[in-house]
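Input: a single structure, listed below in structure tokens.
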Amino acid sequence: MHSTEKTVLKNVNARMTRRNHAAWLGPLLTLLGIVTYFAVAVKFPDLRDSAIVNLVLVAAGALVAFWGLVRRRNWKSWLGFTGAAAFAGLFFWYIFAYSSQLPTPDTAPAVGSMAPPLKLPDETGRMLSLDDLRGDRVLVVFYRGYW
Amino acid sequence: MSVDTNEESSRLAEGLGLEFPILSDVREEAIRAWGLAHEGGKPGGGAISRPALFLVEPDGTISWRDLTDNYRVRVRPEDVLAVLAARE
């Protein structure tokens, strides 16, 4: 009798733990928000610049995980909440702080000044100089690169 | 232009079907001469360029530039085209 009660309790406990989907849905939603930022949003300037859709997804994931923790405190819900909160913290830090950590462009040539020399090999190895293009209007684009 | 190698730039040009030259500044000379070096921006410690655009007139003067203060947020192609169209 005693052991049957124990088994029943164990089953009930297991079912309740299983039902606490928030513990894994939270971090999953947070990860989804981060992955889709770099995989999808960066291709659309409006979604990329504000990152609003992804910030909402990531914040929602952290909230869901928190709700899971409020509902039931066990190692799964703690793990889910800690994971979601860590992912969310990293993403918010990247969006609001890290990506604007650039050196001040004090020495970059100003409008009205002469363009500094630029003589470099192109993608085929052929040397190209800005001086060779005198007489044409030239758009010079510097980008971070793919390394 | 970037600090990527010719091979990397070549792959990029091919992949995107680019028809303008892509310069390779592996020795980080141009990014320093233009005051754009982002020291330690590359994993491993090398410098990379901060994103920047300059419009150089036929006489060599700079008539427009864009220096974003957040590398996620870049000038949009249509805005650059409008700048160019205004000077045609």
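For the record, the sequence lines run as chains A and B. So the first sequence is numbered by the numbering used here: it starts at 3 and just counts up by one. So the second sequence is numbered by the numbering used here: it starts at 128 and just counts up by one. For every residue, glycine included, the Cβ atom is placed at its ideal position computed from N, Cα and C.
A:Asp108 has its alpha-carbon roughly 30 Å from the corresponding atom of B:Glu135. Between the segment 49-65 of chain A and the segment 189-202 of chain B there are three or more inter-stretch CB-CB distances shorter than 8 Å, so the stretches are counted as touching.
In the same chain as A:Trp95, and ignoring 5 residues on each side of it, no C-beta atom comes closer than 6 Å to its own. By the Cβ rule, the segment 170-183 of chain B counts as touching the segment 131-141 of chain A, because three or more pairs are nearer than 8 Å. Excluding the 5 residues flanking it on each side, B:Glu155 has same chain C-beta neighbours closer than 8 Å at Val130, Ala164, Gly173 and Ala174, in chain order. Taking 9 Å as the Cβ-Cβ cut-off, the segment 167-185 of chain B approaches chain A at Gly168, Lys169, Pro170, Gly171, Gly173, Ile175, Ser176, Arg177, Pro178, Ala179, Leu180, Phe181, Leu182, Val183, Glu184 and Pro185, given in chain order. Assignment of B:Pro204 by DSSP, reduced to helix, strand and coil, places it in the helix class. Cβ atoms of A:Met129 and A:Pro123 come within 8 Å of each other, at about 6 Å.
Around B:Leu163, the beta-carbon contacts reaching into chain A at under 9 Å are Pro105, Pro107, Thr109, Ala110 and Phe144.
One alpha carbon belongs to B:Arg177, the other to A:Trp77, and they sit about 44 Å apart. Between the beta-carbon of A:Phe89 and that of A:Thr32 there is about 4 Å, and that keeps the pair under the 8 Å contact cut. Counting only residues of its own chain and dropping the five nearest sequence neighbours on each side, A:Ala64 has a CB closer than 7 Å to the CB of Gly28, Thr32, Ala86, Ala87 and Ala90. Only Pro118, Pro119, Leu120, Lys121, Leu122, Pro123, Asp124, Glu125, Thr126, Gly127, Arg128, Leu130, Leu132, Asp133, Leu135, Arg136, Gly137, Asp138 and Arg139 from the segment 118-139 of chain A bring a Cβ to less than 9 Å from some Cβ of chain B. DSSP places B:Leu194 in the uninterrupted beta strand (DSSP E) bounded by Ile189 to Leu194.
From the beta-carbon of A:Val58, no residue of chain B is found nearer than 8 Å; the closest lies around 17 Å away. The CB of A:Pro47 comes closer than 7 Å to the CB of Arg203 in chain B, given here in chain order.
Between the C-alpha atoms of B:Phe147 and A:Val58 there is a straight-line separation of about 39 Å. Listed as beta-bridge partners of A:Met129 by DSSP are A:Pro123. Scanning B:Arg214, B:Pro170 and B:Asp196 for the CA closest to the CA of A:Ser101 turns up B:Asp196. Assignment of B:Val183 by DSSP, reduced to helix, strand and coil, places it in the strand class. For B:Ile189, same chain residues with a beta-carbon under 8 Å away, outside a window of 5 residues either side, are Phe181, Leu182 and Val183 in chain order. Listed along chain A, the residues sitting closer than 8 Å to B:Glu135 by beta-carbon distance are Gly147, Tyr148 and Trp149. Per DSSP, A:Val142 is one residue of the beta strand (DSSP E) stretching across Val140 to Phe144.
Within chain A, the residues placing a beta-carbon under 8 Å from that of B:Ala140 are Glu125, ordered along the chain.
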